[in-house]
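>
There are 2 protein chains.
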Amino acid sequence: MATLKDVAKLACVDVSTVSRALNNTSYVHPDTKARIFEAVKTLSYHPNVLAKGLRKGKRHTLGVVIPFSQLTIFADIVQSIETEARKLGYSTLLCHTEDDPEIERHSLNRLRNGFVDGIIIASTGQNGHLLRDIHASGIAVMQIIRKQEKSLSSVVADYKSCAYETVNYLVAKGCQNIGFINGNMHLAPYKGRYEGYEKALNEHSLPKYCVIANGNCNSFDYGYQSAIDLLDQNPRLDAIMAAVDIQGMAAIRVLKEKGLNVPKDVKVVSLTGHSIGGLLETSMTSQEIPAKDIGQMAVNMIVKDIDAPENEKPSVQHLVFNAVMIERESS
Amino acid sequence: MATLKDVAKLACVDVSTVSRALNNTSYVHPDTKARIFEAVKTLSYHPNVLAKGLRKGKRHTLGVVIPFSQLTIFADIVQSIETEARKLGYSTLLCHTEDDPEIERHSLNRLRNGFVDGIIIASTGQNGHLLRDIHASGIAVMQIIRKQEKSLSSVVADYKSCAYETVNYLVAKGCQNIGFINGNMHLAPYKGRYEGYEKALNEHSLPKYCVIANGNCNSFDYGYQSAIDLLDQNPRLDAIMAAVDIQGMAAIRVLKEKGLNVPKDVKVVSLTGHSIGGLLETSMTSQEIPAKDIGQMAVNMIVKDIDAPENEKPSVQHLVFNAVMIERESS
DNA sequence: CTGAAAGCGCTTACAG
DNA sequence: CTGAAAGCGCTTACAG
Chain G
301 MATLKDVAKL ACVDVSTVSR ALNNTSYVHP DTKARIFEAV KTLSYHPNVL AKGLRKGKRH
361 TLGVVIPFSQ LTIFADIVQS IETEARKLGY STLLCHTEDD PEIERHSLNR LRNGFVDGII
421 IASTGQNGHL LRDIHASGIA VMQIIRKQEK SLSSVVADYK SCAYETVNYL VAKGCQNIGF
481 INGNMHLAPY KGRYEGYEKA LNEHSLPKYC VIANGNCNSF DYGYQSAIDL LDQNPRLDAI
541 MAAVDIQGMA AIRVLKEKGL NVPKDVKVVS LTGHSIGGLL ETSMTSQEIP AKDIGQMAVN
601 MIVKDIDAPE NEKPSVQHLV FNAVMIERES S
Chain B
301 MATLKDVAKL ACVDVSTVSR ALNNTSYVHP DTKARIFEAV KTLSYHPNVL AKGLRKGKRH
361 TLGVVIPFSQ LTIFADIVQS IETEARKLGY STLLCHTEDD PEIERHSLNR LRNGFVDGII
421 IASTGQNGHL LRDIHASGIA VMQIIRKQEK SLSSVVADYK SCAYETVNYL VAKGCQNIGF
481 INGNMHLAPY KGRYEGYEKA LNEHSLPKYC VIANGNCNSF DYGYQSAIDL LDQNPRLDAI
541 MAAVDIQGMA AIRVLKEKGL NVPKDVKVVS LTGHSIGGLL ETSMTSQEIP AKDIGQMAVN
601 MIVKDIDAPE NEKPSVQHLV FNAVMIERES S
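Heads up: the sequence lines are chains G and B, in that order. Numbering of the first sequence is given in my numbering, commencing with residue 301 and proceeding in unit increments. Numbering of the second sequence is given in my numbering, commencing with residue 301 and proceeding in unit increments.
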């Protein structure tokens, strides 16, 4: 690999001049400039981003820490983050934690060591101290989907309203026995959804049928088992709300196997709609979370933070998007 | 952020000693070692990976370049790559190209400039020259899923056999009019599948019903339209083979809308099975591609390449996995 | 308009 | 067992 020095030698100038010419950082005589570009071409020189980063203290790289992506809304968000980051000249370093605090800790420690300018994270909520530490050490941090730390900026959806409105919607459709497959309440989104669900049920004086995960709820198997549990609690259930799409898919599957018709016998609604809901054999009604917007905003906000001079960093901000109910066949 | 120098000062030793102690690169007196670790702790020192990389010429980072991931086998592979890479002490830099050669070129150019030690890619096939260039400049390259360049190592599945066997399987089930939704033949996997499909049809003297994409075939919409096209070509189609899962999902959807029963009237089989096939309302028979193994092997092979000294780099190798037919409800 | 020099934070022969 | 020095490939005041 050719270096600045090689180019300088070939163009018969100092490395500093080459640097200036390439970065357009001060006037360079057209003739020398031409010679330099000539040399760059013949040597097929590519600047070493490492050295650049070391010198300037900027990596132009964002760490993205999420639990998983396949078949979840995170896949949509990651894609959006990456597209937006590329537009702004940033690369993304992706880390899946599988919602394991140990893996998360490990990933964060790798990222902090000069790898990235900022970290976008949907955290387990178990490494708050570390995360605040990292932020304090000068790395920008942005929470997405899960607002686990008040002192760090976030971009999320309004999960409580989501669940609340969904109950109202189902009640308006005549449902009286509404089951709810939810996740671990240590995570803000599940807690929010639960509150919305409970509030609406109380207002309508309806009974509660709820399953709450201990561990990872983002799996077909968990959704499948939960749907069975709910039907055991009350065989006359007339609606199932699923915290996330994959649980909804599992619920539809269970209902089919039990010979129950969706939506006639039981309606199914997902509270975390993303790209898959509309593609199913029985397409699924869902509260669509604006994954693309969340990704875009997170990137824009964090880059703004990164680019701001030390003494005028933007203050902590929490952005909340509304979900949008998309009615499909399952309700 | 504390640096080596800070630690050295606090521990009253030279930076070189600190470096040696931390990296265990030569004997350091236990007492000084203790002092050093003490200092590291009180300063909460974290080595700057950038400087390390610059000095050692190693980034411990792999670039992963894929077209897209959501709802494709690439999501499974990416997860596998990342897990395996983490085990070996590598991070992964993810780039989605959306199968756009321009974006791919742009991503590759970013990656080459000192960002990564190696690149794992499912390429568009349009940047072969650049890719070989990058490889020649000393960055390891590994192709996955799509073997577009003979001169670069690859890990793929046997697409031809996949399609060939699927036709035989369907014929054995009594199918005579087998439609095939395929992708752009510039991409090796689609070409391979087509050859297998054609070969089997010829052997059975069966008619061909095939749709071939110009652009991106990895979408529900393309699958949907293709299924309709196939049924237009022959309303008595008794089987649809889909190159990838999402097309199969679309086909099932179309058949349902036309009032045709899967699998009684029309059987559906996907040639690129991944995590989703078993989770559907009508679970889908598919040729499961060993995504996990592909990811693991790709990482292991490329890291072996990276770690090998300059004069004994492993030679180009092409690894082919067999797919495994998983029979489910759709056939 | 362009050189020479210092330095980003580290590692590693070279001495002793 | 540990320092002092050079250098990885860049950028950026500082001169002139």
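We put the beta carbon where it would ideally sit given N, CA and C, even for glycine. Every value quoted in this text rests on a predicted model; they were computed, and no experiment measured them.
Please check if any C-beta of chain B sits within less than 7 Å of the C-beta of G/N413.
Within the first sequence, the letter at position 113 stands for residue 413 of chain G. Chain B, which has a Cβ nearer than 7 Å to the Cβ of G/N413, makes this yes.
> Examine chain B for any beta-carbon lying closer than 7 Å to the beta-carbon of G/R553, and answer yes or no.
Residue mapping note: residue 553 of chain G aligns to position 253 of the first sequence, counting from 1. At least one chain B Cβ lies under 7 Å of G/R553.
> So what does DSSP say about B/K592, is it helix, strand or coil?
The residue given as residue 592 of chain B occupies position 292 in the second sequence. Looking at B/K592 - three-state DSSP - the assignment turns out to be helix.
> Give the residues from the region 324-357 of chain G that approach chain B closer than 7 Å (Cβ to any Cβ), ordered along the chain.
Cβ contacts with chain B: H346, P347, N348, V349, L350, A351, G353, L354.
> Are the Cβ atoms of G/N409 and G/N477 separated by less than 7 Å?
Mapped onto the first sequence, residue 409 of chain G falls at position 109. Mapped onto the first sequence, residue 477 of chain G falls at position 177. Their beta carbons are not under 7 Å apart, which means G/N409 does not touch G/N477 by this criterion.
> What in chain B is Cβ-close to G/I576, meaning under 7 Å?
Reading the first sequence from its first residue, position 276 is the one you call residue 576 of chain G. The contacting residues are L371.
> In angstroms with no decimal places, state the Cα-to-Cα distance between B/G691 and B/N516.
Residue 691 of chain B lies beyond the stretch modelled for chain B, which goes from 301 to 631, so this question has no answer here.
> Assign G/F278 to one of three DSSP states: helix, strand, or coil.
For residue 278 of chain G there is no data in the structure shown, the boundaries of chain G being 301 and 631.
> In angstroms with no decimal places, state the Cα-to-Cα distance between B/D605 and B/I403.
By 1-based counting over the second sequence, the position of residue 605 of chain B is 305. By 1-based counting over the second sequence, the position of residue 403 of chain B is 103. Each residue's alpha carbon lies about 26 Å from the other.
> Return no unless some Cβ of chain B is closer than 7 Å to the Cβ of G/F520.
For this step, residue 520 of chain G is matched to residue 220 along the first sequence. Judged by the 7 Å Cβ criterion, G/F520 is in contact with chain B.
> Is there a Cβ from chain B that is less than 7 Å from the Cβ of G/E382?
In the first sequence, counting from the first residue as 1, residue 382 of chain G sits at position 82. Yes - at least one Cβ of chain B is within 7 Å of the one on G/E382.
> Assuming G/A500 and G/A527 form a contact by the criterion Cβ under 8 Å, report the distance between their Cβ atoms to the nearest whole angstrom.
Here the question's residue 500 of chain G lines up with position 200 in the first sequence. Here the question's residue 527 of chain G lines up with position 227 in the first sequence. The Cβ separation is near 20 Å, so there is no contact.
> List the endpoints of the continuous beta strand (DSSP E) containing G/C510.
Along the first sequence, read from residue 1 onward, the residue named residue 510 of chain G stands at position 210. G/C510 -> beta strand (DSSP E) spans 509-512.
> Out of B/K473, B/L555, B/R493, point me to the one whose CA is closest to B/V544's CA.
The residue given as residue 544 of chain B occupies position 244 in the second sequence. Looking at the Cα atoms, B/R493 is the closest of the given residues.
> Could you check the C-alpha separation between G/R628 and G/I439 for me, to the nearest Å?
Within the first sequence, residue 628 of chain G is the residue found at index 328, counting from 1. Within the first sequence, residue 439 of chain G is the residue found at index 139, counting from 1. Cα-Cα distance, rounded: 43 Å.
> Which whole runs of the alpha helix (DSSP H) in the region 544-587 of chain B are 4 residues long or more, in chain order?
Segments of the alpha helix (DSSP H) lying fully in the region 544-587 of chain B: 545-557.
> Taking all protein chains shown into account, decide if G/E382 is buried (16 or more other Cβ within 10 angstroms of its Cβ) or exposed.
Here residue 382 of chain G refers to the residue found at position 82 when the first sequence is read from its first residue. Label assigned to G/E382: buried.
> Can you look up G/M541 in the DSSP assignment and give me helix, strand or coil?
On the first sequence, residue 541 of chain G is found 241 positions in, with the first residue counted as 1. Here G/M541 sits in strand by DSSP.
> For the beta strand (DSSP E) that B/Q426 lies in, which residues bound it at each end?
What you label residue 426 of chain B is simply residue 126 of the second sequence in a count that begins at 1. Where B/Q426 is concerned, there is no enclosing beta strand (DSSP E), given that its DSSP letter is neither H nor E.
> What residues in the region 439-460 of chain G have a beta carbon less than 8 Å from any beta carbon of chain B?
The residues in question: there are none.
> Starting from B/G492, trace the alpha helix (DSSP H) in both directions and tell me its first and last residue.
Numbered from its first residue, the second sequence carries residue 492 of chain B at position 192. From DSSP, the alpha helix (DSSP H) with B/G492 extends over 488-504.
> For my contact list, G/V620 and G/A457 are in at a C-beta cut-off of 8 Å; report their separation, rounded to the angstrom.
Locating residue 620 of chain G in the first sequence gives position 320, where the first residue counts as 1. Locating residue 457 of chain G in the first sequence gives position 157, where the first residue counts as 1. The pair is a contact, with the Cβ atoms about 7 Å apart (cut-off 8 Å).
> Considering G/S633, what are the terminal residues of the alpha helix (DSSP H) in which it resides?
Since the first and last residues shown for chain G are 301 and 631, residue 633 of chain G lies out of range.
> In chain order, what residues of the same chain lie with their CB nearer than 6 Å to the CB of B/K491, ignoring the 5 residues before and after it?
The residue labelled residue 491 of chain B in the question sits at position 191 within the second sequence. Answer for B/K491: M485, listed in chain order.
> Please confirm if B/E581 has its CB atom under 7 Å from at least one CB of chain G.
Here residue 581 of chain B corresponds to residue number 281 of the second sequence, with the count starting at 1. Closer than 7 Å: yes.
> Grab the span of the alpha helix (DSSP H) containing B/H396 for me, first residue to last.
For the purposes of this step, residue 396 of chain B is taken as residue 96 along the second sequence, with counting starting at 1. Note, B/H396: premise wrong, no alpha helix (DSSP H); beta strand (DSSP E) at 391-396.
> Please decide whether G/K556 counts as near chain B, where near means a Cβ-Cβ distance under 7 Å.
Start at 1 with the first residue of the first sequence, and residue 556 of chain G comes out as number 256. So yes, G/K556 belongs to the interface.
> Between the C-alpha atoms of B/G414 and G/L411, what's the straight-line distance to the nearest angstrom?
Counting from one through the second sequence, the residue named residue 414 of chain B turns up at place 114. Counting from one through the first sequence, the residue named residue 411 of chain G turns up at place 111. If I take the Cα positions, the gap works out to 17 Å.
> Got a sec, what are the start and stop residues for the alpha helix (DSSP H) B/Q379 sits in?
Residue mapping note: residue 379 of chain B aligns to position 79 of the second sequence, counting from 1. 373-387 is the extent of the alpha helix (DSSP H) around B/Q379.
> Using the beta-carbon count (16 or more within 10 Å), is B/I624 buried or exposed?
Looking up residue 624 of chain B in the second sequence gives position 324. A quick correction: the sequence has Val, not Ile, at residue 624 of chain B. B/V624 is exposed by the Cβ-count criterion.
> Here's the rule: buried if 16 or more other CB atoms are within 10 angstroms of the residue's CB, otherwise exposed. What is B/Q617?
In the second sequence, residue 617 of chain B corresponds to position 317, counting from 1. Classification for B/Q617: exposed.
> For a quick check, are the C-beta atoms of B/E588 and B/G573 less than 7 Å apart?
Position 288 of the second sequence holds residue 588 of chain B. Position 273 of the second sequence holds residue 573 of chain B. Taking 7 Å as the Cβ cut-off, B/E588 and B/G573 qualify as a contacting pair.
> Identify the contact partners of B/S437 in chain G, using a Cβ-Cβ distance below 7 Å as the criterion.
Taking the second sequence and counting its residues from 1, one reaches residue 437 of chain B at position 137. Within 7 Å Cβ-Cβ: M301.
> Hey, B/N518 and B/T372: beta-carbon distance below 7 Å or not?
The residue labelled residue 518 of chain B in the question sits at position 218 within the second sequence. The residue labelled residue 372 of chain B in the question sits at position 72 within the second sequence. Yes, the pair counts as a contact, with Cβ atoms nearer than the cut-off.
> Listing by chain order, which chain G residues have their CB less than 8 Å from the CB of B/Q379?
Locating residue 379 of chain B in the second sequence gives position 79, counting from the first residue. Near B/Q379 (Cβ distances below 8 Å), the residues of chain G are F368, S369, Q370, H396.
> Apart from the five residues just before and just after G/R335, which ones in its own chain have a Cβ nearer than 6 Å to its Cβ?
The sequence position of residue 335 of chain G within the first sequence is 35, counting from 1. Cβ within range, chain order: A311.
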